[in-house]
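These notes concern the structure reproduced below.
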Amino acid sequence: MALKFQMPKSKLARREAIEGYFFILPWILGFLLFRFGPMLYSLFLSFTDYAARGAPKLVGFENYVYMFTRDPRLLDSLRSTFAFVVGYLPLNLSIGLAIALLMNQHVRGIFIFRSIYYLPAVTSGVAVAILWQFVFHKQWGILNAILAVFGVQSIGWLVDPAWVMVAFVIMSIWGVGGSMIIYLAGLQSIPTELYESAAIDGANSIRKFWFITLPMLTPTIFFVLITGLIGAFQIFESAYIMTGGGPNYATYFFGLNIYFTAFQSLRFAYASTLAWMLFAIIAALTIFVFSTSRRWVYYAGAHEDA
Amino acid sequence: MTTAAQPFTQPASAGRASDIHVSRRQMMQTVLVYALLFSGGILLMVPFYWMLSTSLKTLAEVQTWPIVWIPSQFIWSNYPAVFQKTPFARYILNSLTIATGGIIGTLVGSSLAGFGFARMRFPGRNFLFFLNLTTLMLPAWVVIVPHFMMFSYVGWLDTYLPFIVPAFFGNAYHIFLFRQWFMGIPRELEDAARIDGCSTFRIYSQIFMPLSKPVIATVSIFAFFSYWNDLIYPLVYLQSQLKFPVSLGLRMFQTANAGVVDMPKMMAASMMALLPCVILFFFAQRLFVQGVVMTGVEK
Numbered sequence: 001m002a003l004k005f006q007m008p009k010s011k012l013a014r015r016e017a018i019e020g021y022f023f024i025l026p027w028i029l030g031f032l033l034f035r036f037g038p039m040l041y042s043l044f045l046s047f048t049d050y051a052a053r054g055a056p057k058l059v060g061f062e063n064y065v066y067m068f069t070r071d072p073r074l075l076d077s078l079r080s081t082f083a084f085v086v087g088y089l090p091l092n093l094s095i096g097l098a099i100a101l102l103m104n105q106h107v108r109g110i111f112i113f114r115s116i117y118y119l120p121a122v123t124s125g126v127a128v129a130i131l132w133q134f135v136f137h138k139q140w141g142i143l144n145a146i147l148a149v150f151g152v153q154s155i156g157w158l159v160d161p162a163w164v165m166v167a168f169v170i171m172s173i174w175g176v177g178g179s180m181i182i183y184l185a186g187l188q189s190i191p192t193e194l195y196e197s198a199a200i201d202g203a204n205s206i207r208k209f210w211f212i213t214l215p216m217l218t219p220t221i222f223f224v225l226i227t228g229l230i231g232a233f234q235i236f237e238s239a240y241i242m243t244g245g246g247p248n249y250a251t252y253f254f255g256l257n258i259y260f261t262a263f264q265s266l267r268f269a270y271a272s273t274l275a276w277m278l279f280a281i282i283a284a285l286t287i288f289v290f291s292t293s294r295r296w297v298y299y300a301g302a303h304e305d306a
Numbered sequence: 307m308t309t310a311a312q313p314f315t316q317p318a319s320a321g322r323a324s325d326i327h328v329s330r331r332q333m334m335q336t337v338l339v340y341a342l343l344f345s346g347g348i349l350l351m352v353p354f355y356w357m358l359s360t361s362l363k364t365l366a367e368v369q370t371w372p373i374v375w376i377p378s379q380f381i382w383s384n385y386p387a388v389f390q391k392t393p394f395a396r397y398i399l400n401s402l403t404i405a406t407g408g409i410i411g412t413l414v415g416s417s418l419a420g421f422g423f424a425r426m427r428f429p430g431r432n433f434l435f436f437l438n439l440t441t442l443m444l445p446a447w448v449v450i451v452p453h454f455m456m457f458s459y460v461g462w463l464d465t466y467l468p469f470i471v472p473a474f475f476g477n478a479y480h481i482f483l484f485r486q487w488f489m490g491i492p493r494e495l496e497d498a499a500r501i502d503g504c505s506t507f508r509i510y511s512q513i514f515m516p517l518s519k520p521v522i523a524t525v526s527i528f529a530f531f532s533y534w535n536d537l538i539y540p541l542v543y544l545q546s547q548l549k550f551p552v553s554l555g556l557r558m559f560q561t562a563n564a565g566v567v568d569m570p571k572m573m574a575a576s577m578m579a580l581l582p583c584v585i586l587f588f589f590a591q592r593l594f595v596q597g598v599v600m601t602g603v604e605k
């Protein structure tokens with residue numbers, strides 16, 4: 001990454017540079033106006049007292065002190081968000097891979113199955129949340145009806161604090177096709193010669209998976225892990241529609257907390273504090289995963305820096 | 307590595323004339339694969355089936371135990387009823403307005419920046435592109451309050467401008483897709499045009515863009531899905547019900563029905579909200595997969 005902002009010497013190259021800046025000018029403006037600027041401003045807000053009226057008043061670390069010592073809801077948000085991430089991420093990683101391996105089999109009609117498995121991943125939003133709310137319905141939902149066939153007593157998926165997180169993980173895993181597709185692409189980019197030479201050496205399929213597929217797939221696993229992590233921490237819509245944060249704050253995810261604090265209580269400053277807390281958690285974990293990547297992510301040929 | 311990314315085009319190799327003596331083990335394996343594929347597929351489709359069947363039931367049939375799998379009578383009138391109970395047609399129109407504006411915006415802004423990052427050399431290019439990618443990590447929650455204040459200050463609340471105008475400044479992910487695509491276009495095309503005296507902007511608009519139909523389609527579809535499904539921003543920026551998009555309209559329908567729970571009509575409305583996405587998905591599957599895969603495999 002060259003941090004040299006010196007303009008080139010030759011006239012032609014200088015002209016190209018100026019034209020280049022013109023092409024990315026909208027992006028630069030957008031970055032400053034909608035990303036970097038607001039980011040700094042929300043950091044500033046987090047050190048103020050501001051409730052959508054008048055001017056923000058600087059209060060130092062008061063919001064942060066309040067957040068860590070007195071806010072009754074912070075713990076709910078931390079607990080529920082982490083519970084969801086811990087429940088969802090490993091399942092998403094492993095089930096996604098398992099299905100991708102299945103989809104990589106050359107059997108007739110496989111592409112139809114690929115679409116069927118991928119479809120839930122592209123449908124999202126309010127309609128899907130409303131649908132799942134009814135799937136999970138305690139009295140008339142289809143999930144309890146299916147479980148009843150196996151003699152399971154009806155479960156209050158969305159009303160029982162002990163089950164609600166399980167319900168959210170089930171619903172999210174329904175969209176596992178998203179990671180499946182990425183894994184599948186990773187699987188198909190593994191050179192077949194590797195498997196052929198391993199077969200000559202007498203390797204069975206378990207050894208092939210363990211010593212070829214898995215190492216060659218680590219960049220893909222890394223990608224699915226990072227994007228999954230960033231996404232899972234920001235869960236909002238499904239909880240907003242299905243539970244509104246309940247029962248008893250069991251699904252009061254960070255996103256909900258920020259939304260309600262900002263746009264219902266109009267505590268803009270404190271909402272910014274919470275947002276930065278969430279950002280710090282996501283950034284710290286992302287950086288941590290990146291720092292471990294050198295030890296377990298294998299880049300074939302370690303090709304040039306993109 | 308982009309070429310490896312076509313999972314949907316693999317021909318099924320089973321049943322070739324040459325492998326007459328398929329071993330028992332292979333047979334067993336194929337049977338097992340199908341068994342797993344079918345059971346998983348059915349499991350994933352159950353919620354969709356539940357949606358469809360509920361949308362065709364009477365309220366009484368919804369509220370029974372054991373549940374009714376197939377409605378005794380298909381109540382198609384649940385669908386038109388949605389349009390009477392809510393301004394659903396209006397919601398659809400609003401969603402389409404937002405999506406169209408947003409798609410046009412992101413195509414213009416993202417392709418310009420993508421071209422700059424892919425084909426022009428200027429100091430700081432790699433750093434700026436890296437900066438662009440890092441914004442993908444920034445949670446929307448961090449900037450949502452300043453955005454709200456900003457749009458409130460310029461009087462754009464309760465209009466579609468907060469959805470459409472920022473799109474023209476490019477979207478980090480779409481810029482990435484355009485850049486990857488533009489990098490693959492042969493240098494000779496550009497050089498030949500330059501010798502003919504073509505300006506850089508004309509090279510972009512009359513040579514590169516016409517060659518970019520696949521990526522334009524991919525970005526349009528991704529953008530359509532995100533605008534169509536978006537709930538947070540409509541929730542924050544819009545106030546009058548007649549300006550709501552489908553997502554927020556559904557939410558209104560849900561809260562308005564909280565006491566009665568008119569499930570059949572809710573499911574009918576949800577079906578209609580989902581339908582454009584499902585249809586688009588089946589028509590443009592390959593584009594979808596390519597877009598996703600481009601980011602996943604490429605690193």
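Chains A and B, in that order, are what the protein sequence lines are. This note's numbering puts the first sequence at residues 1 to 306. This note's numbering puts the second sequence at residues 307 to 605. Every residue gets a Cβ at the ideal spot worked out from N, C-alpha and C, and that includes glycine.
Cβ of residue i less than 8 Å from any chain A Cβ?
{"i": "residue 400 of chain B", "result": "no"}
{"i": "residue 322 of chain B", "result": "Bear in mind that the predicted position of residue 322 of chain B carries a pLDDT of just 48, short of 50, making it unreliable; the figure below should be weighed with that in mind. So no, residue 322 of chain B is outside the interface."}
{"i": "residue 382 of chain B", "result": "no"}
{"i": "residue 545 of chain B", "result": "no"}
{"i": "residue 353 of chain B", "result": "yes"}
{"i": "residue 407 of chain B", "result": "no"}
{"i": "residue 469 of chain B", "result": "no"}
Report the option in the options whose CA atom is closest to the CA atom of residue i.
{"i": "residue 292 of chain A", "options": "A:207, A:79, A:186, A:218", "result": "A:218"}
{"i": "residue 95 of chain A", "options": "A:193, A:277, A:169", "result": "A:169"}
{"i": "residue 97 of chain A", "options": "A:23, A:183, A:104, A:238", "result": "A:183"}
{"i": "residue 337 of chain B", "options": "A:280, A:63, A:105, A:21", "result": "A:105"}
{"i": "residue 360 of chain B", "options": "A:247, A:103, A:132", "result": "A:132"}
{"i": "residue 33 of chain A", "options": "B:352, B:413, B:375, B:453", "result": "B:453"}
{"i": "residue 253 of chain A", "options": "A:263, A:264, A:237", "result": "A:237"}
{"i": "residue 250 of chain A", "options": "A:16, A:36, A:75", "result": "A:75"}
{"i": "residue 540 of chain B", "options": "B:431, B:466, B:333", "result": "B:466"}
{"i": "residue 418 of chain B", "options": "B:574, B:444, B:486, B:366", "result": "B:486"}
{"i": "residue 136 of chain A", "options": "A:114, A:199, A:268, A:171", "result": "A:171"}
{"i": "residue 536 of chain B", "options": "B:440, B:520, B:580, B:509", "result": "B:580"}
{"i": "residue 525 of chain B", "options": "B:428, B:591, B:367, B:375", "result": "B:591"}
{"i": "residue 112 of chain A", "options": "B:343, B:379, B:508, B:422", "result": "B:343"}
Between residue i and chain B, is there a C-beta pair that is closer than 8 Å?
{"i": "residue 145 of chain A", "result": "yes"}
{"i": "residue 294 of chain A", "result": "no"}
{"i": "residue 285 of chain A", "result": "no"}
{"i": "residue 93 of chain A", "result": "no"}
{"i": "residue 225 of chain A", "result": "no"}
{"i": "residue 163 of chain A", "result": "no"}
{"i": "residue 53 of chain A", "result": "no"}
{"i": "residue 35 of chain A", "result": "yes"}
{"i": "residue 158 of chain A", "result": "no"}
{"i": "residue 210 of chain A", "result": "no"}
{"i": "residue 127 of chain A", "result": "yes"}
{"i": "residue 245 of chain A", "result": "no"}
According to the neighbour-count rule (16 or more other Cβ atoms, all chains shown, within 10 Å of its Cβ), is residue i buried or exposed?
{"i": "residue 235 of chain A", "result": "buried"}
{"i": "residue 7 of chain A", "result": "exposed"}
{"i": "residue 482 of chain B", "result": "buried"}
{"i": "residue 594 of chain B", "result": "buried"}
{"i": "residue 546 of chain B", "result": "exposed"}
{"i": "residue 571 of chain B", "result": "buried"}
{"i": "residue 447 of chain B", "result": "buried"}
{"i": "residue 261 of chain A", "result": "buried"}
{"i": "residue 65 of chain A", "result": "exposed"}
{"i": "residue 363 of chain B", "result": "buried"}
Going along chain A, which residues have a C-beta under 7 Å from residue i?
{"i": "residue 587 of chain B", "result": "119, 122"}
{"i": "residue 422 of chain B", "result": "20, 23, 24"}
{"i": "residue 550 of chain B", "result": "What residue 550 of chain B touches in chain A: nothing, since even the nearest Cβ is about 11 Å away."}
{"i": "residue 330 of chain B", "result": "Result: empty, since nearest Cβ-Cβ is about 16 Å, beyond 7 Å."}
Bridge partners for residue i per DSSP, in chain order?
{"i": "residue 58 of chain A", "result": "A:48"}
Cβ closer than 7 Å: which chain B residues qualify as neighbours of residue i?
{"i": "residue 151 of chain A", "result": "Simply none; closest approach about 13 Å."}
{"i": "residue 139 of chain A", "result": "371"}
{"i": "residue 264 of chain A", "result": "Those do not exist, as residue 264 of chain A stays about 11 Å from chain B at its closest Cβ, beyond 7 Å."}
{"i": "residue 290 of chain A", "result": "By Cβ distance, chain B contributes nothing, its closest Cβ being about 11 Å from residue 290 of chain A, past 7 Å."}
At 8 Å on the CB atoms, spell out the chain B contacts of residue i, in chain order.
{"i": "residue 29 of chain A", "result": "475"}
{"i": "residue 84 of chain A", "result": "In chain order: nothing, as chain B lies at least about 15 Å away."}
Step through the CB atoms of chain D and report whether any lies within less than 8 Å of the CB of residue i.
{"i": "residue 514 of chain B", "result": "Of the chains in the structure shown, none is chain D; the protein chains are A and B."}
What does residue i touch in chain B if you count any residue whose Cβ is under 9 Å from its own?
{"i": "residue 278 of chain A", "result": "445, 447, 448"}
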